[in-house]
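Contents: one structure, followed by commentary.
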Ligand code: MLT
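Residue numbers (my numbering): 1 to 328.
Have a look at this one:
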């Protein structure tokens, strides 16, 4: 953007009248993944739930800018006019990009306003039905004995399953690491796990519960610190922490972001609307149907969201650097 134009825009945005009339045109939620996937559904449900608290007639549209591990969407929003009308909905990959892409176009901690976290989505560690193991203990022993011959699938660099696979391998410290196979999305990765062409995958419950229920894959553990006691299907699976992986705690969370420099009165309006959405029974129900839990703690505030993401950036950097799996 030319400096004079940028100056003129920021002068307009700084006026109280701008914030008062916000939103003055449709808001776009930019999503870094394809339509129909978990992040897309979270964004679409949130768009519906935030419409009313933003003034009844607010129009929120979802734009899918998939590719490059989410960085196409991230770059687009980081460079958008900071007027509150272009926002980003992204999962944990937002915190991983800074380590995965050493030549990236934006800094998650410096180039965005944090509007609040939306949800947590637990993960499940899965194996093909061909694996000779039925419990997590058998599974881990089998992997230790056969690691070098086995494959771990994920849905592409920066995907939920990539991050979970890295974290689990980092925590379990195998002597011989598995061969990692990157697919173009969860669908093809899951198909090959079901077909037994690959052996192991760790993915969001949103993607896995149907397959587990149908007996097409074996589930061995959940990645949350505790068991999912409230979950009808997954309540009997142990957590990885319970299985001896000290401090293992991973959920795929989604957050809402605006470009850096969005006026505080506008970010406040957006966070207020998010907080209303997070208490909307219909939104909560739709998230639960996806296997997601709506955030109720201080991470729903901009400050709590930023503090949490800062800690996640540091945690993921350790894991990605240890694996040496970079995207560039
Ligand atoms: C992922 O694996 O990260 C997801 O499939 C992304 C999504 O579509 O929400």
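Built from N, CA and C at the ideal position, the CB exists for glycine as well. All of these numbers come straight from a predicted model, not from anything done at the bench.
Put residue 324 into one of helix, strand or coil per three-state DSSP. coil
Close beta carbons around residue 327, own chain, < 6 Å, minus the five adjacent residues each side: 69, 100, 101 and 157
With distances taken Cα to Cα, identify the nearest neighbour of residue 228 among 313, 71, 141 and 293. 293
Let me know if residue 269 comes out buried or exposed under the rule of 16 or more other beta-carbons within 10 Å of its beta-carbon. buried
Apart from the five residues on each side of it in sequence, which residues of its chain come closer than 6 Å, Cβ to Cβ, to residue 148? 176
Is there at least one non-hydrogen atom of the ligand MLT closer than 6 Å to the beta-carbon of residue 37? yes
Taking 8 Å as the threshold, find out whether the region 216–228 comes into contact with the region 48–67 through three or more Cβ pairs. no
Going along the chain, which residues of its own chain have a beta-carbon closer than 6 Å to the beta-carbon of residue 168, five neighbours each way excluded? 202
Just to confirm, is the Cβ distance from residue 265 to residue 19 under 7 Å? yes
Does the region 198–213 come close enough to the region 135–152 that 3 or more CB-CB pairs lie under 8 Å? yes
Return yes when at least one heavy atom of the ligand MLT lies under 6 Å from the C-beta of residue 99, else no. no
Beta-bridge pairing of residue 121 - partner residues as DSSP gives them: 252
Given that a residue counts as buried once 16 or more other Cβ atoms are within 10 Å of its Cβ, and exposed if not, what is residue 144? exposed
Element boundaries [beta strand (DSSP E), containing residue 92]: It is not in any beta strand (DSSP E) - residue 92 carries neither H nor E in the DSSP assignment.
Supposed close pair residue 108, residue 94 - CB separation, criterion 8 Å: 5 Å
contact_flag[the region 45–53, the region 232–251] where n(CB pairs < 8 Å) is 3 or more: no
What is the rounded straight-line gap between the Cα of residue 209 and the Cα of residue 131? 19 Å
Just to confirm my understanding: we take residue 103, look at its own chain, exclude 5 residues before and 5 after, and list those with CB closer than 7 Å. What are they? 328
With a threshold of 8 Å, are at least 3 pairs of Cβ atoms found where one atom belongs to the region 182–196 and the other to the region 237–252? no
Taking the alpha-carbon of residue 305 as reference, which of 322, 91, 45 and 162 has the nearest alpha-carbon? 91
By the 10 Å Cβ neighbour count, where 16 or more other Cβ atoms means buried, how is residue 291 classified, buried or exposed? buried
Alpha carbon to alpha carbon, how far is residue 54 from residue 27? 10 Å
On the three-state DSSP scale, how would you describe residue 192? helix
Where the alpha helix (DSSP H) through residue 297 begins and ends: Premise fails: residue 297 is in no alpha helix (DSSP H) and is neither H nor E.
Is DSSP giving residue 78 helix, strand or coil here? helix
Would you call residue 271 buried or exposed, if buried means 16 or more other Cβ atoms sit within 10 Å of its Cβ? buried
Here's the rule I'm using: 16 or more other beta-carbon atoms within 10 Å means buried, otherwise exposed. How should residue 134 be labelled? exposed
Three-state secondary structure (DSSP) of residue 64: strand
Take residue 276 as the anchor and find which of 170, 183, 33 and 116 has the nearest alpha-carbon. 116
Closer than 6 Å to a non-hydrogen atom of the ligand MLT - does that hold for the CB of residue 177? no
Can you tell me which residues form a DSSP beta bridge with residue 201? 126
Closer than 6 Å: is that where the CB of residue 189 sits relative to any heavy atom of the ligand MLT? no
Need the endpoints of the beta strand (DSSP E) that residue 231 sits in, please. Unbroken run through residue 231: none, as it is neither H nor E.
Would you kindly work out how many angstroms separate the C-alpha atoms of residue 123 and residue 161, rounded to a whole number? 8 Å
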